[in-house]
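Numbering (my numbering), first residue to last: 8 to 226.
Glycine included, each C-beta is placed from N, C-alpha and C at the ideal position.
Treat the numbers as computed from the prediction; the structure is a model and nothing was measured.
Step one of this worksheet: look at the structure below.
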Amino acid sequence: MCIRDSCHHAVPLQGATTMKLEFPFKQSLLATSVAVLLAGCGAPVEEESPVAPEAAALESNDDALFSMLPACEEPEELEHVVEHACYHAEYGPFDPITAAALDAPVLVDVSQAHTAYQVTLPQRSPFNYAGRVSFLPDEPGEFAFILSRQRGLRIFEAATGTEVAQECRYTVPTETCSSLKTAYIADLEANTEYYLEFRSILPSNAAFTLIIEEAGHHH
């Protein structure tokens, strides 16, 4: 029994089902919009894209390799080398290049002295950037491979594929040069082609400046 004007008519079953489905859909749409808004504003989002296993292994291997390099014992001499390189890093001449993919012929050359090469690495897959360039020294001696990023490089003889051991690593002080971060020293032979291999997990490390300077002659 109902009092006049206080009774509500039953809602048809189809309408009720529509309302029940529509409300969660609106909630889901609202949550998605909020997540996109937070991500755009730089706020942390709970779910992040997982790092590919291949990329994680690459990062671990490279970090272990570069951390094994000792610090260079004569930082004063390298400081002068880096100061000279810093001038080119800031004022040029500049040469923008894209490194050759690892499975492609290496036709990109970085043998020109006193040049700031602006290197871009090809993307192989998500979280995986890698490429090679060619270097042909005309004199034997120690060479400093000076980079605007922390992550280093690997050096291979082009003819044999043998990896060249690097001697040491030099961290560039900010007061010496704010445009460059690290220098890696290797002893190379004259008129021998070498491949310089660079890798990166993050896009921010996939574009960087490379300057190669002589760090010392053979004694």
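Report all residues from its chain with a CB closer than 7 Å to the CB of R139; omit the five preceding and five following residues, and keep chain order.
Against the sequence shown, residue 139 aligns to sequence position 132. Cβ within range, chain order: A106, A107, L109, V113, Y202, L203 and E204.
Who are the Cβ neighbours of A111 in its own chain at under 8 Å, not counting the five residues just before and after it?
Here residue 111 refers to the residue found at position 104 of the sequence shown. No residues qualify anywhere along the chain.
What is the DSSP secondary structure of S155, counted as helix, strand or coil?
The residue labelled residue 155 in the question sits at position 148 within the sequence shown. Coil, per DSSP.
Residue from E182, L160, A165 and R156 with nearest C-alpha to P210:
Along the sequence shown, one-based indexing puts residue 210 at 203. It is R156.
Which first and last residues belong to the alpha helix (DSSP H) in which E90 is found?
Walking along the sequence shown from the start, residue 90 turns up at place 83. First-last of the alpha helix (DSSP H) with E90: P82 to Y98.
Using the C-alpha atoms, what's the distance from E146 back to A137?
The residue given as residue 137 occupies position 130 in the sequence shown. The residue given as residue 146 occupies position 139 in the sequence shown. Between A137 and E146, the C-alpha separation is close to 28 Å.
Under 8 Å, Cβ to Cβ, is there at least one residue of chain E near C93?
Protein chain content of the structure displayed is limited to a single chain, and chain E is not contained in it.
Starting from the C-beta of F215, find all residues in its chain whose C-beta is less than 7 Å away, skip the five residues before and the five after it, and write them out in chain order.
On the sequence shown, position 208 is the one that residue 215 refers to. Once the five neighbours on either side are set aside, the close Cβ partners of F215 are V126, L154, S155 and R156.
Rounded straight-line distance, which links the Cα of P144 to that of E196:
Residue mapping note: residue 196 aligns to position 189 of the sequence shown, counting from 1. Residue mapping note: residue 144 aligns to position 137 of the sequence shown, counting from 1. For E196 and P144, the distance between alpha carbons rounds to 7 Å.
In whole angstroms, give me the CA-to-CA distance for H91 and D194.
In the sequence shown, residue 91 corresponds to position 84, counting from 1. In the sequence shown, residue 194 corresponds to position 187, counting from 1. Rounded to whole angstroms, H91 to D194 spans 20 Å at the Cα level.
Is it the case that the Cβ atoms of R176 and C79 are separated by a distance below 8 Å?
Translated into the one-based positions of the sequence shown, residue 176 becomes position 169. Translated into the one-based positions of the sequence shown, residue 79 becomes position 72. Cβ distance < 8 Å, so R176 and C79 count as in contact.
D102, enclosing beta strand (DSSP E) - first and last residue:
Looking up residue 102 in the sequence shown gives position 95. Here the beta strand (DSSP E) through D102 covers F101 to T105.
Counting along the chain, where does the beta strand (DSSP E) carrying F142 start and finish?
Locating residue 142 in the sequence shown gives position 135, counting from the first residue. N135 to F142 is the extent of the beta strand (DSSP E) around F142.
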